[in-house]
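In order, the protein sequences belong to chains C and Z. So the first sequence is residues 699 to 858, counted in the working numbering. So the second sequence is residues 699 to 858, counted in the working numbering. All C-beta atoms in this analysis are idealised placements derived from N, C-alpha and C, irrespective of residue type, glycine included.
2 protein chains.
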Amino acid sequence: MKDVAKHFELFLRQRSLRLTRQREAILKAIYGTHRHVTAEELYELLQKAGDAKALRISRATVYRTLSLLAEGGFVQALELGRDRGTLYEHTLGHEHHDHMVCMACGKIIEFHDDELEQVQAAAIRRHGFEATSHRLNVFGTCAKCQEKGKGSAAGEAQAG
Amino acid sequence: MKDVAKHFELFLRQRSLRLTRQREAILKAIYGTHRHVTAEELYELLQKAGDAKALRISRATVYRTLSLLAEGGFVQALELGRDRGTLYEHTLGHEHHDHMVCMACGKIIEFHDDELEQVQAAAIRRHGFEATSHRLNVFGTCAKCQEKGKGSAAGEAQAG
DNA sequence: CTCGAAATGAGAACGAGTCTCAACCGCGGG
DNA sequence: CCCGCGGTTGAGACTCGTTCTCATTTCGAG
Ligand SMILES: [Mn+2]
Ligand SMILES: [Mn+2]
Ligand SMILES: [Zn+2]
Ligand SMILES: [Zn+2]
């Protein structure tokens, strides 16, 4: 986190942007949680945290800073459906991962598979495409929720 | 297309829903294009097509029917970023595929790779998750646009 | 044909995200 | 340590895709 702040400061300097209390607070906030948060959640979080230090941060600034952080690679946006809104997570200190979303309990599970990444990269290259990023979102039922749903009809399966 | 209409009719009957001229027209419209279309594009398309038969279809009905068609598996929604809006494509007669989006020209390229699907399925299963669907979106530069950008600095690369 | 339920149209409402612009404040220079 | 030039912020208006409301229309079983 300390070095993240340093990186951010450098990033800002390189682009002749300023290190403001707001930007610091937002960076700190998103690096202070391991959840996937919406801009609104972050905003509310910052309201409370800021009440103490008398630092008000507007929604606009949260959105603006989140975009800035995304450009700099400090955070990443996740879009899991028009409804859930855009989710953000910090990236430094976390290797790339994909997401599985449980439709029953809403839990978001992160996973990473090297072989998958390699096969994927190969397939993409084979099509003459040059990838800069990708998102794999899997929807279904998590292990826990599979248990709960054992009282009904036996084994189903679907693909979509 | 004829059998798709039959399937749709059956689907509606099973759920005691009605086959209306609007629903027919919308089904026909989305099965009549091979592009990925937004609800709005479809709406405008239907306006023109409907002028002849004096069949007006409201935006609300387009949205409602698209959701219905998605539930029934007749169409699929694609969400490639908060900006582009939700895109729809018909599914019957098309096997599952993933998408690569060219950030330079906006083109959407479909691709399918069996090995990828299998490795993916295995990785997901290994995590105790039961998948019902997934979306893999790859962002980058298409082959054509890679050509165009050959006058500048030599080979770059990035990963995000 | 009749009738009740489902479906539709028009436009209001909603909400995430963006824009506007006057007031504010980082920060390099003196 | 103070100044002043922009970059930055806050509040709220605004955008625009999507959903909701409800009076009216239409499907389709009997
Ligand atoms: Mn994550
Ligand atoms: Mn497609
Ligand atoms: Zn679950
Ligand atoms: Zn291209």
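Minimum Cβ-Cβ distance from residue i to chain C less than 8 Å
i: Gln680 (chain Z); result: Residue 680 (chain Z) lies beyond the residue range present for chain Z, which begins at 699 and ends at 858; the question has no answer from this structure.
i: Asp811 (chain Z); result: yes
i: Arg713 (chain Z); result: no
i: Thr784 (chain Z); result: yes
Contacts that residue i makes with chain Z (C-beta to C-beta distance below 7 Å)
i: Gly826 (chain C); result: Ala841
i: Arg721 (chain C); result: Simply none; closest approach about 21 Å.
i: Leu814 (chain C); result: Val817, Gln818 and Ala821
Beta carbon proximity, residue i to chain Z, threshold 8 Å
i: Arg833 (chain C); result: yes
i: Gly730 (chain C); result: no
i: Leu744 (chain C); result: no
i: Ile806 (chain C); result: no
7 Å Cβ cut-off: residues of chain C touching residue i
i: Arg780 (chain Z); result: Glu777 and Thr784
Same chain, Cβ closer than 6 Å to residue i, five either side skipped, listed in chain order
i: Leu790 (chain C); result: Val702
i: Gln774 (chain Z); result: Glu787 and Thr789
i: Lys842 (chain Z); result: none
Limits of the unbroken alpha helix (DSSP H) element including residue i
i: Phe706 (chain Z); result: Lys700 to Gln712
i: Ala747 (chain Z); result: Ala737 to Lys751
i: Leu767 (chain Z); result: Arg757 to Glu769
i: Arg719 (chain C); result: Arg719 to Tyr729
Under 8 Å by beta carbon: chain Z residues contacting residue i
i: Met798 (chain C); result: Ile822, His825, Phe827 and Ala829
Contact set for residue i: own chain, Cβ-Cβ below 8 Å, skip 5 residues either direction
i: Val735 (chain C); result: Ile728, Leu743, Leu785, Tyr786 and Glu787
i: His758 (chain C); result: According to the sequence shown, residue 758 (chain C) is Ala rather than His. Nothing meets the Cβ criterion.
Residues near residue i in its chain [Cβ-Cβ closer than 7 Å; skip 5 each side]
i: Ile806 (chain Z); result: His734, His797 and Val799
i: Gly858 (chain Z); result: Caution applies to Gly858 (chain Z), whose pLDDT of 40 falls short of 50 and renders its modelled position unreliable; the value that the coordinates give is listed next. Answer for Gly858 (chain Z): no residue qualifies.
Span of the beta strand (DSSP E), counted from its first residue to its last, around residue i
i: Glu776 (chain Z); result: Strictly speaking, residue 776 (chain Z) in this sequence is Leu, with Glu absent from that position. Per DSSP, Leu776 (chain Z) belongs to the beta strand (DSSP E) from Val773 to Glu777.
Worksheet item: Residue ranges of each alpha helix (DSSP H) run of no fewer than 4 residues wholly in the region 787-851 of chain C, ordered along the chain?
Response: 812-824 and 841-846
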